[in-house]
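Numbering (our numbering), first residue to last: 23 to 172.
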């Protein structure tokens with residue numbers, strides 16, 4: 023089982039960062055490895071979405087069910103995909119008027135031994151880069167830094 027844990031202090035509000043991570047369908051616009059992203063359904067605070075990864079000539083999709091705790095956290099669990107296990111989530115902790123702390127925790131294991139080394143390594147790199155990618159996206163969307171509410 024591989025585990026990735028990343029966090030960053032950002033000059034954006036927890037609400038602003040939550041909104042960016044929640045917007046699954048925009049992922050292909052700013053995540054270079056993301057070939058497609060689909061929101062399948064949403065009911066109350068639960069949604070299911072799929073993401074297609076394009077890495078090293080491979081295309082692999084996975085689907086997760088996410089429990090949304092508005093402006094606080096997004097908990098993720100695997101529905102289907104090339105993993106035998108995938109779970110984790112995002113948390114967004116407000117830091118008074120200076121911004122927030124964004125954290126990502128992911129645990130995963132690839133199903134196939136044949137693709138474990140390649141897919142496992144690349145997926146770990148993807149997870150390691152996600153916090154930075156969303157911080158850059160926040161800068162593009164909100165400007166250089168604004169801890170105001172959205």
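Even for Gly, the Cβ is constructed at its ideal location relative to N, Cα and C.
Got a sec? Which residues, its chain only, sit under 7 angstroms from residue i by beta carbon, not counting five neighbours each side?
i	result
residue 142	24 and 132
residue 32	39, 121, 122, 124, 157 and 160
residue 96	43, 44, 88, 90, 111 and 112
residue 77	55 and 144
Whose CA, out of the options, lies closest to the CA of residue i?
i	options	result
residue 102	38, 33 and 85	85
residue 121	27, 26 and 37	37
residue 70	135, 55, 160 and 60	60
residue 163	111, 31 and 43	43
residue 63	57, 47 and 77	47
residue 79	96, 106 and 144	144
residue 127	106, 146 and 57	146
Look at residue i and residue j and say whether their C-beta atoms are less than 8 angstroms apart.
i	j	result
residue 153	residue 29	yes
residue 109	residue 129	yes
residue 49	residue 93	no
residue 98	residue 67	no
residue 82	residue 54	no
residue 26	residue 149	yes
Check the DSSP bridge columns for residue i and list the partner residues they point to.
i	result
residue 25	129
residue 76	81
residue 71	61 and 86
Cutting at 8 angstroms between CB atoms, please list the residues of its own chain near residue i, excluding the five before and the five after it.
i	result
residue 156	39, 42, 43 and 124
Self-check item: In chain order, each beta strand (DSSP E) run of at least 3 residues that lies wholly inside the stretch 81-120
Solution: 95-102 and 105-117
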